[in-house]
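Note sheet for the following structure.
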Amino acid sequence: WPKRPGRAAARGPPLPGWIRGWGLAACALLSTTVVPVPEATATVLRLHEDGTVTMATGSCDCGTGSSHALATLAADVLGLDREQVAVLEGDSDLGVMNLGSFGQRTVYIAGTSVERAARALRGRVLDAAASRLGRSPGELDLTSAGIVDGTGQMLMGLADLAGAEAIEGRAMIALDETS
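The numbering used here numbers the first residue of the sequence shown as 86 and each following residue consecutively.
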């Protein structure tokens with residue numbers, strides 16, 4: 086600072102109530118040739134044989150905490166603990182589309198996709214459990230430990246259900262493509 090140009094001093098004193106100094110401003114603007122830009126993203130959720138869920142999303146956490154927010158949203162909809170949901174993101178090999186992580190769109194747009202995929206997976210899990218237990222899906226609920234009835238009595242472990250479905254060739258997967 087002592088060596089900075091003396092331009093400010095050469096201009097004379099600032100106007101009353103004004104402060105003169107040095108600063109920096111930055112801006113990022115989405116630019117595209119497609120008008121309007123579609124707010125599109127996709128999410129894939131998979132229940133594994135150990136009772137954990139992997140969430141694949143095209144979004145990428147760039148320091149905003151969106152990964153944690155999306156995993157928490159999925160866990161909440163599914164009725165699981167946050168620690169049961171692992172996030173795979175920002176890898177084009179996953180084949181999960183996303184317009185981008187910028188502005189405030191990640192949790193808003195990708196969150197909608199995560200919620201829809203989680204509701205779909207929850208429905209698949211409860212349908213599979215109902216079929217195995219000879220009950221209606223409406224009589225069952227999904228918790229972090231497994232499938233319970235209306236009184237909270239444990240009927241089947243989540244890992245047991247996912248493992249049984251996998252053995253029979255039925256992967257517990259849900260996909261949402263939001264646009």
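Built from N, CA and C at the ideal position, the CB exists for glycine as well.
Item, Value
"Reference M140; option with closest CA among H153, G148 and C147", "H153"
"Closest Cα partner of G237 within the set L225, L246 and L243", "L225"
"Cβ-Cβ distance between A214 and L260 below 8 Å", "no"
"Among P222, S216, G108 and L155, nearest to I194 - alpha-carbon criterion", "L155"
"Coil, strand or helix - I252 by DSSP", "helix"
"Distance, G102 Cα to E174 Cα", "49 Å"
"Cutoff 8 Å: L155 Cβ touching any chain D Cβ", "The structure shown contains no chain D; it holds only a single protein chain."
"C-alpha gap between A159 and R217, whole angstroms", "24 Å"
"D212 in three-state terms, based on DSSP", "helix"
"Whole-angstrom C-beta distance between T228 and G344, which should lie under 8 Å", "In this structure the chain extends from 86 to 264, so residue 344 is not present and cannot be described."
"Cβ shell of A171 (< 8 Å), same chain only, five flanking positions each side left out", "T137, V138, T139, M140 and A156"
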